[in-house]
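Protein sequence lines correspond, in order, to chains A and B.
full-length UniProt numbering applies: residue 1 is where the first sequence begins, and numbers increase by one.
full-length UniProt numbering applies: residue 1 is where the second sequence begins, and numbers increase by one.
The beta carbon of each residue, even a glycine, is placed where N, CA and C say it ideally should be.
Just below is one structure, and these are the notes that go with it.
There are 2 protein chains.
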Amino acid sequence: MVAGPLPAPSGPGKDRLRLWIRLLRASRTIEAELRERLKKEFDTTLPRFDVMAALFRAPEGMLMSDLSRFLLVSNGNVTGIVDRLVSEGLVARARRNGDRRTSMVRLTDEGSKSFATMAAAHEAWIGELLGKVSEEDARRLTGMLTSFRSNWEGRE
Amino acid sequence: MVAGPLPAPSGPGKDRLRLWIRLLRASRTIEAELRERLKKEFDTTLPRFDVMAALFRAPEGMLMSDLSRFLLVSNGNVTGIVDRLVSEGLVARARRNGDRRTSMVRLTDEGSKSFATMAAAHEAWIGELLGKVSEEDARRLTGMLTSFRSNWEGRE
DNA sequence: ATAAAATATTTCAAGCTTAAAGTTTCGTAC
DNA sequence: GTACGAAACTTTAAGCTTGAAATATTTTAT
Chain A
1 MVAGPLPAPS GPGKDRLRLW IRLLRASRTI EAELRERLKK EFDTTLPRFD
51 VMAALFRAPE GMLMSDLSRF LLVSNGNVTG IVDRLVSEGL VARARRNGDR
101 RTSMVRLTDE GSKSFATMAA AHEAWIGELL GKVSEEDARR LTGMLTSFRS
151 NWEGRE
Chain B
1 MVAGPLPAPS GPGKDRLRLW IRLLRASRTI EAELRERLKK EFDTTLPRFD
51 VMAALFRAPE GMLMSDLSRF LLVSNGNVTG IVDRLVSEGL VARARRNGDR
101 RTSMVRLTDE GSKSFATMAA AHEAWIGELL GKVSEEDARR LTGMLTSFRS
151 NWEGRE
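In structure tokens:
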């Protein structure tokens, strides 16, 4: 997946393949840097941060299935991460009146406060890591990725 | 990390943040699709495919440390993946004459044949998943990502 | 009302991942 | 040539990840 430097294959489709490899390497590199900083600065992980970010945007709470769909990860995966966040007091599960299969998951006050701090640092890190991308280029790149989104995101 | 739709925050740096989120969602979505197909079609995993792809480009073999640096993953990680590939007969470790700490890792004939088949399918999948991206747009996007690479890849 | 299908979630096994600690081997300075 | 630090790997513990199986609850069809 992360093929790279040396040869430079050509032929039909090679440009798309090369694009995919660049895309993957860029996101892996940035992701690794963010993971390391989250660990060092806040003693947390990327998956925990992701879940908290999703919940921060939904003060009324989210269902487990909403979380897993939004985060693009499996159902069982979210269970474990939420379990750990609950045991750390950052997230709470609330039984619902109507449907007893589901529970609303939301940030606790502590979780919300904790996330606000991390989010500010996170945004600054992105600004630093993508510093050489001008705001205008960023908008243009975002636009290109957005316009192709329907191609790979079959559902959205 | 994978924040998304609803609100549309603005302010300095928000464009870069939005770019990062798009980048991450694009690569995660495509990655998930590839993982699923590798599993279904070839009963293998993305990490195994990555290792084999790296080795395929280096017929003379690679050191474990070369592999982990190239693939952007930790040293210990590669050990486990290579162990499994060895036990499947797709990869071989060869002791070196000079330095007894290291071993050259390379594809076996079976591994090489197996990879060639998967690589063809893989390239076709990418062509399909990125089908709406014209070859020209692909080259342009690749160029933009490449020109910003030094920003996030401190080493290369 | 009852059975069957659908939904929401958790559990499980296997594998991936990292950071840190441990092992072996090498190079180099005395 | 001995000791010391560096280098290449492996091992370990904890956590992430998936797909599939298991639970529990709700909905739908009869």
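Taking only beta-carbon atoms, is residue i less than 8 Å away from chain A?
i: Arg18/B; result: yes
i: Thr79/B; result: no
i: Thr45/B; result: no
i: Arg96/B; result: no
i: Asp66/B; result: no
i: Thr108/B; result: no
i: Glu123/B; result: yes
i: Asn75/B; result: no
i: Leu138/B; result: In the sequence as displayed, the identity of residue 138/B is Ala instead of Leu. Answer yes: the Cβ-Cβ gap between Ala138/B and chain A drops below 8 Å somewhere.
i: Leu145/B; result: yes
i: Glu153/B; result: yes
i: Ala120/B; result: no
i: Leu63/B; result: no
i: Leu72/B; result: yes
i: Glu33/B; result: yes
i: Leu141/B; result: yes
If we define contact as Cβ-Cβ less than 8 Å, is residue i a contact residue for chain B?
i: Ile126/A; result: yes
i: Gly13/A; result: yes
i: Glu41/A; result: no
i: Phe148/A; result: yes
i: Val133/A; result: yes
i: Arg22/A; result: yes
i: Arg48/A; result: no
i: Arg28/A; result: yes
i: residue 157/A; result: Here chain A covers residues 1 to 156 and nothing more, so residue 157/A does not appear.
i: Met104/A; result: no
Hey, residue i and residue j: beta-carbon distance below 8 Å or not?
i: Ser68/A; j: Val78/A; result: yes
i: Arg106/B; j: Leu55/B; result: yes
i: Asn151/B; j: Leu130/A; result: yes
i: Gly111/B; j: Met52/B; result: yes
i: Leu141/B; j: Leu19/A; result: yes
i: Thr29/B; j: Glu31/A; result: no
i: Asp15/A; j: Ala138/B; result: yes
i: Glu41/A; j: Ala121/A; result: yes
i: Val82/A; j: Val91/A; result: yes
i: Gly89/B; j: Thr108/B; result: yes
i: Lys132/A; j: Phe148/B; result: yes
i: Gly143/A; j: Gly13/B; result: no
i: Leu38/A; j: Thr45/A; result: yes
i: Ser114/A; j: Ser27/B; result: no
i: Gly76/A; j: Met104/A; result: no
Buried or exposed: which applies to residue i, given that a residue is buried once 16 or more other Cβ atoms fall within 10 Å of its Cβ?
i: Pro47/B; result: buried
i: Ser134/B; result: exposed
i: Thr146/A; result: exposed
i: Arg22/B; result: buried
i: Ala124/A; result: exposed
Could you tell me the boundaries of the alpha helix (DSSP H) in which residue i lies?
i: Leu17/A; result: 14-42
i: Thr45/A; result: That residue, Thr45/A, is in no alpha helix (DSSP H); it is neither H nor E in DSSP.
i: Gly131/B; result: Run containing Gly131/B: none; DSSP gives neither H nor E here.
i: Asp99/A; result: Neither: Asp99/A is in no alpha helix (DSSP H) and is coded neither H nor E.
i: Met64/A; result: 64-71
i: Ala138/A; result: 135-152
i: Ser87/B; result: 75-87
Could you check where the beta strand (DSSP E) with residue i kicks off and where it finishes?
i: residue 157/A; result: This structure does not reach residue 157/A, given that chain A is present from 1 up to 156, and the question cannot be answered.
i: Val91/A; result: 91-95
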